[in-house]
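The sequence shown: position 204 = 294 (this note's numbering), numbered continuously.
Where is the CB? At the ideal position from N, CA and C, for every residue including glycine.
All of these numbers come straight from a predicted model, not from anything done at the bench.
Notes follow the structure.
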Amino acid sequence: MTIFQGIILAIIEGLTEFLPVSSTGHMIIGSSLMGIQSDEFVKLFTVTIQLGAILSVIALYFKYFFQTFGFYFKLLVAFLPAVFFGLLLSDKIDQLMESALGVAIALLLGGIILLFVDKWFKDGEIDNPNDISYGTAFKIGLFQCLSMIPGTSRSAATIVGGMSQRLSRKAAAEFSFFLAVPTMFGATTKKLYDFYKDGFIISGDQINLLIIGNIVAFIVAMLAIRYFLTFLQTKGFRIFGWYRIIVGGIILLLLGSGYDLQVI
91 MTIFQGIILA
101 IIEGLTEFLP
111 VSSTGHMIIG
121 SSLMGIQSDE
131 FVKLFTVTIQ
141 LGAILSVIAL
151 YFKYFFQTFG
161 FYFKLLVAFL
171 PAVFFGLLLS
181 DKIDQLMESA
191 LGVAIALLLG
201 GIILLFVDKW
211 FKDGEIDNPN
221 DISYGTAFKI
231 GLFQCLSMIP
241 GTSRSAATIV
251 GGMSQRLSRK
261 AAAEFSFFLA
271 VPTMFGATTK
281 KLYDFYKDGF
291 IISGDQINLL
301 IIGNIVAFIV
311 AMLAIRYFLT
321 FLQTKGFRIF
331 GWYRIIVGGI
341 ILLLLGSGYD
351 LQVI
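Below, the structure written as structure tokens:
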């Protein structure tokens, strides 16, 4: 993977990680069109550049991360279901990650759901993420587990989960951003551990590529979060639903034409 290819993937990550459109589906299309061959470092790269996206959340919501311990306890409660089911279903999740067809189907089904979300859940009563209960945090964490199905979108699952618990669009989106921090940090840590456990070593050039990728993902994610919140509050989810359907359809068309789509 070249520096240019790494920058493009980092831009895709930054743009799509916090939007309800599935970063996995976009990574599949982007990497395949650029002819990136999947290997252990490429897989590591696509996970570890999430750290840049995580830092963008902390930078934008700095004050939230230096308030009461209750904030962290709620994140922990919401994070625990992903830890439990992630460990329990680890092998099955790895199998699902190998299927571009599965990603396309998840994109399509998720897109159809997003077409109706605004009608199902009117703007909620809770407008501040700090006001949610521990029970609500746990339920949102259960919704996050749906994103273990590649193509579902962690952001979509948690935002819809929050809205189903009477959170406003803004509050649901912000709690989804906050929950991404422990979730993505945990995924990155595990990926790094597995990488070294299996005997792989990161070269100097690869370290530079990881640094560049994280910087790009950080900058792009900051911009994406800012514009997404404004758009979400005024326009809702419908356009994201249609967009997911289009992307899922593109993947199906590529698969049907015999194009080799690699899940990285």
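Annotation: the segment 174-254 contains the following complete segments of the alpha helix (DSSP H) (minimum length 4 residues), in chain order: 180-186, 190-204, 207-210, 224-234 and 244-254. Comparing alpha carbon positions, the residue from Leu197, Ile239 and Ser254 closest to Ile216 is Ser254.
Here DSSP, grouped into helix, strand and coil, assigns Leu150 to helix. Membership of Met274 in the alpha helix (DSSP H) is indicated by the continuous run Arg259 to Lys287.
Assigned with DSSP and collapsed to three states, Val111 falls in coil, not helix or strand.
The criterion of a C-beta distance shorter than 8 Å is satisfied by Ala270 and Val147. Assigned with DSSP and collapsed to three states, Ser121 falls in helix. Residue environment: Gly225 is assigned as exposed (fewer than 16 neighbouring CB atoms within 10 Å of its CB, all protein chains considered).
Annotation for Asp213: Ser258 and Arg259 place their beta carbon closer than 7 Å to its own, counting only its chain and skipping 5 residues before and after. Leu109 and Ile315 have their C-alpha atoms spaced approximately 8 Å apart. Contact between Gln140 and Thr278 holds: CB atoms are separated by about 6 Å, below the 8 Å threshold.
Distances from the CA of Gln323 to each of Ile230, Leu191, Ile249 and Phe175 were compared; the closest alpha carbon is that of Ile249. For Thr158, there is no enclosing alpha helix (DSSP H), as DSSP gives it neither H nor E. Ile202 is the residue among Leu319, Phe318, Ile202 and Ser245 whose C-alpha sits nearest the C-alpha of Gly339.
Minimum Cα-Cα distance from Tyr349 among the listed residues Met274, Ile335 and Gly125 corresponds to Gly125.
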